[in-house]
Structure formats: C-alpha cells, structure tokens
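>
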Amino acid sequence: MTSAITQARLWYLQRISAMLLALCVLVHLAVMIYAVRGGLSAAEILGRTRGNWFFGGFYAVFVLACAVHVPIGLATIAAEWLGWRGRSAGMAAILCGGLIAGMGLRAVYGVVA
Amino acid sequence: MATVPEMKTDLAVNVWRGNSERGGFTTFAVPRHDSQTVLDVVTHIQRYLDPTLSYRYACRVGMCGSCAMTVNGKARWTCRTSVAKVAADGQLEIAPLDNLPVIKDLATDMSGFFDKWARAKGQFKGPLTRHDDFAQVAPASKERLAANAGIECIGCGICYASCDVVTWRADFLGPAALNRAWTLVNDVRDTQQPERLNAVAGDAGCHVCHTQGSCAERCPKQIAPTAGIAGLKRLTARAAMRGEL
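As given, the protein sequences belong to chains A and B, one line each in that order. Taking this note's numbering, I'd label the letters of the first sequence as residues 1 to 113. Taking this note's numbering, I'd label the letters of the second sequence as residues 114 to 358.
1) Under 9 Å, CB to CB, which of the residues in the stretch 313–325 of chain B have a partner in chain A?
2) Going straight from the alpha carbon of Ser-319(B) to that of Arg-193(B), what length do you get?
3) Using beta carbons (cut-off 8 Å, strictly below), is Leu-358(B) in contact with chain A?
4) From the beta carbon of Ser-88(A), is the nearest beta carbon of chain B less than 8 Å away?
5) Cβ atoms of Val-68(A) and Gly-97(A): under 8 Å apart, would you say?
6) Pick helix, strand or coil for Arg-355(B), following the three-state DSSP scheme.
7) At a CB distance below 9 Å, what residues from the stretch 295–315 of chain B approach chain A? Give them in sequence order.
8) I'd like to know whether the C-beta of Thr-339(B) is nearer than 8 Å to at least one C-beta of chain A.
9) Considering just the uninterrupted stretch of the alpha helix (DSSP H) at Ile-271(B), what are its terminal residues?
10) For His-244(B) and Cys-177(B), I'd like the C-alpha separation in whole angstroms.
11) Taking the alpha carbon of Ala-78(A) as the point to measure from, which residue in Tyr-161(B), Val-321(B), Thr-156(B), Gly-203(B) has its own alpha carbon closest?
12) Going by DSSP, name the residue or residues bridged to Gln-204(B).
13) Using a 10 Å radius around the Cβ and a threshold of 16 neighbouring Cβ atoms, would you call Ser-224(B) buried or exposed?
14) Around the C-beta of Lys-198(B), are 16 or more other C-beta atoms found within 10 angstroms, so that it is buried, or is it exposed?
15) Tell whether a beta-carbon distance below 8 Å holds between Arg-331(B) and Cys-272(B).
16) How would you list, in chain order, the residues of chain B whose beta-carbon sits under 9 Å from the beta-carbon of Trp-53(A)?
17) At a Cβ threshold of 8 Å, is Ala-283(B) touching chain A?
18) Would a check of beta-carbon distances place Ala-233(B) closer than 8 Å to chain A?
19) For Gly-130(A), which of helix, strand or coil comes out of DSSP?
20) Can you have a look at Asn-261(B) and say buried or exposed, based on whether 16 or more other CB atoms are within 10 angstroms of its CB?
21) For Val-143(B), does the three-state DSSP call read helix, strand or coil?
22) Are any of the Cβ atoms in chain A nearer than 8 Å to that of Arg-355(B)?
23) Helix, strand or coil for Val-174(B) per DSSP?
24) Would you say Ala-337(B) and Asp-284(B) are within 8 Å of each other, going by their C-beta atoms?
25) For the stretch 179–190 of chain B against the stretch 198–209 of chain B, are there 3 or more C-beta pairs whose distance is under 8 Å?
26) Should Tyr-109(A) go down as buried or exposed, given a rule of 16 or more other Cβ atoms within 10 Å for buried?
27) Quick one: what's got a C-beta closer than 6 Å to Gly-344(B)'s C-beta in the same chain, skipping five residues either side?
28) By the 10 Å Cβ neighbour count, where 16 or more other Cβ atoms means buried, how is Pro-288(B) classified, buried or exposed?
29) Could you tell me the distance, in whole angstroms, from the CA atom of Leu-13(A) to the CA atom of Phe-62(A)?
30) So which of Asp-303(B), Ser-275(B), Phe-227(B) has the shortest CA-CA distance to Gly-111(B)?
31) Is DSSP giving Lys-187(B) helix, strand or coil here?
32) Are the beta-carbon atoms belonging to Gln-305(B) and Lys-238(B) less than 8 Å from one another?
33) Within a Cβ cutoff of 8 Å, which residues of the same chain sit near Leu-291(B), ignoring the five residues on either side of it in sequence?
Put into structure tokens, the structure is as follows:
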C-alpha cells in the first residue's frame with residue numbers, strides 16, 4: 001500500500017467519522033439537556049442506562065468514531081507542529097486510538113451492564 | 114537625468130535587504146503621490162535611493178504575476194496594490210514572499226514552486242496530433258466549468274506564500290500546483306488522469322490541506338484553490354477506496 005493510498009483512505013475515514021461524530025454530539029447534548037432538567041443523581045442515571053442496549057449501542061458507535069477520528073488528527077498535529085512523522089508517530093496515534101476505544105467502551109459497558 | 118516627481122508627504126518604508134539566511138529591514142523615506150502603487154514605491158527606492166535593491170517585475174498591470182511581495186504582512190501583487198489602501202498611516206513594510214528561498218532582497222527563487230507544478234502532473238498531454246481535427250469540449254459541460262474556475266491562475270505564488278500548510282510541510286505541493294492539477298483533471302482531452310490522481314494524493318498532496326482558505330482569500334484572481342483541492346480529495350479518496358490509486 002503506497003502512502004498516497006493510505007493518506008487518501010485515512011482522509012476518508014476521518015471524514016466519515018466526523019459525520020458520525022457531528023450527529024452523536026448533537027444527540028448527546030440534546031439528551032443531556034433533556035435528562036438533567038430539575039437535577040439528576042448517579043442512581044437515576046444508572047436506573048435509566050442499566051440494561052438499555054440502545055443507549056449502549058449509540059455510545060459504542062460514538063466511542064468508536066472518536067477512536068478513528070482522534071488519532072488521525074493527532075498524527076497530523078504531531079507532523080505539523082512537532083515535526084514528528086513516520087512509523088513511531090503512526091504507532092503513537094494507533095496507541096491513542098486503542099486507548100480511547102478501550103476506556104470509552106469500558107465506560108459504556110460500566111453504565112449499561 | 115531623471116527628476117524626482119513633486120512630493121507631498123513622505124512614506125516610511127521598511128524594506129527587506131538580504132537573503133533567507135541573513136538580512137534585516139532598512140527604512141527609506143519615499144515621497145507620497147496620488148494613485149501610487151507599492152511597486153511604484155519599490156521602483157522609486159531602486160531608481161533614486163538605493164540602486165542595489167533587487168526586486169522582480171515585468172508587466173506592471175497584473176498580468177505577469179512576477180511582482181508579488183509581502184506588503185504589511187500579506188502577500189500581494191505590488192503593481193495592483195494602491196499605497197492608499199495598505200498604508201493609511203504612512204507606514205509600509207515590504208518583504209519577499211514567504212515559503213520561498215530569498216535570492217536577494219525582494220526577489221525569491223520560484224523554481225521549487227514551479228517544480229511542484231510539474232510533480233503534480235501539471236502538464237497537459239492529449240491524444241491528438243496536429244493532423245487531427247480540434248477536440249470539441251462543450252462550454253457548458255460540468256468539467257469545462259470546473260476547469261474555468263481555476264484556469265486564470267498566472268502563477269504569482271501569492272497562495273503558496275499565504276499557505277500555513279506549506280510552512281509546516283515543506284514538501285506539500287501547495288494550492289497553485291493542486292489548482293493546476295484540478296483544471297487538468299477536468300480536461301476531458303487529457304490522457305494522464307490516473308497518474309495525476311496518484312501524484313496529488315498523499316501527505317504531500319491534497320489530503321493535508323486544512324481548507325483554512327488563506328489561498329482563496331488572498332488570490333488576486335479570486336480563484337478558490339480550496340474548491341479544487343476539495344474536488345481532488347473526493348476523487349482520490351473514491352479511487353483509494355476502490356483500490357484504484
């Protein structure tokens with residue numbers, strides 16, 4: 001796979017994940033504003049999220065979109081601001097993506113299961 | 114002997130002297146005139162104040178693209194920039210274009226800039242010879258209209274000097290070369306389309322553009338290289354997803 005193909009595919013993935021994120025952020029904000037009217041306790045939150053697999057599915061998509069979008073952007077910032085390019089920068093970006101996916105999915109599992 | 118035209122008040126003009134490695138600004142007092150352009154100011158300095166000042170110009174009317182410089186921090190055609198518009202307070206700072214090596218004073222080395230046009234497959238290659246009939250391109254076709262939008266570029270380098278991505282990534286092809294590639298991508302006669310898409314993709318090509326838009330904002334011909342770059346991103350991404358790149 002040439003660099004041109006990789007870059008073109010990464011750009012495409014970042015664009016698709018950005019579209020998903022735009023939608024997810026809007027839904028997330030709307031639900032949050034709706035849910036906290038008149039205050040909200042941890043017990044109430046868990047009462048709504050436990051066993052709610054639709055909620056779990058939505059946030060799993062949200063987390064995965066972040067895990068794709070963020071590392072691609074971080075690699076660009078590393079290249080342009082720090083001059084950090086190449087394999088080590090790519091590996092660091094993949095590691096960030098893995099970390100976001102791992103921590104995010106664990107959090108989703110924690111409030112749904 | 115040439116006589117200095119009648120003066121009103123003086124302009125304080127800081128001019129870059131030196132090259133990329135060494136240099137600094139020198140201040141000159143230049144008489145103010147009605148309808149004076151920044152190129153008139155530079156020419157006055159060279160003719161009457163310091164004949165060793167180096168700069169480049171040819172047509173003086175916005176056709177050749179050779180007199181672009183950084184005027185009060187922004188890349189401009191000096192021949193089409195009125196002093197009244199940019200130096201309301203009587204101060205001018207004139208420097209060579211950014212992102213290009215400086216040969217001397219205000220003259221930059223544009224060879225790297227044009228090498229990138231070549232790298233972006235900026236050459237037209239058609240299937241016909243002089244013995245064939247003219248190719249017919251419908252003036253209202255989608256491709257012809259897209260090419261028209263970028264075809265008036267005269268290669269002055271203003272977009273290139275204004276692009277932060279070029280500053281950050283020295284190998285980035287830049288807005289002008291990509292705009293040229295986009296006009297050829299839309300030339301239905303051209304026979305190098307797959308090679309061109311390959312040349313403009315990747316981390317020196319269209320995909321690193323952030324669509325910040327300084328190129329489109331500063332282009333004296335009102336071309337939007339960002340529009341062409343967006344088109345190249347779409348085409349190359351589509352080709353990459355199909356494995357055709």
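Glycine is no exception: its CB is placed at the ideal position from the N, C-alpha and C atoms. A quick note: this is a predicted structure, and the numbers were derived from the prediction, not measured.
In brief:
1) Val-313, Ala-314, Gly-315, Asp-316, Ala-317, Gly-318, Cys-319, His-320, Val-321, His-323
2) In the sequence as presented, Ser is not what sits at residue 319(B); that position holds Cys. Taking the straight line joining both Cα atoms gives about 30 Å.
3) yes
4) no
5) yes
6) coil
7) Leu-310, Asn-311, Ala-312, Val-313, Ala-314, Gly-315
8) no
9) 271–275
10) 32 Å
11) Val-321(B)
12) Ala-125(B)
13) exposed
14) exposed
15) yes
16) Those within 9 Å of Trp-53(A) in chain B number zero; the least Cβ separation is about 31 Å.
17) no
18) no
19) With chain A represented from 1 up to 113, any question about residue 130(A) goes unanswered, as that position is not in the structure.
20) exposed
21) strand
22) no
23) coil
24) no
25) yes
26) exposed
27) Trp-295
28) buried
29) 14 Å
30) With chain B represented from 114 up to 358, any question about residue 111(B) goes unanswered, as that position is not in the structure.
31) strand
32) yes
33) Ala-233, Val-313, Gly-318, Cys-319, Cys-322, Pro-338, Gly-341, Ile-342, Leu-345
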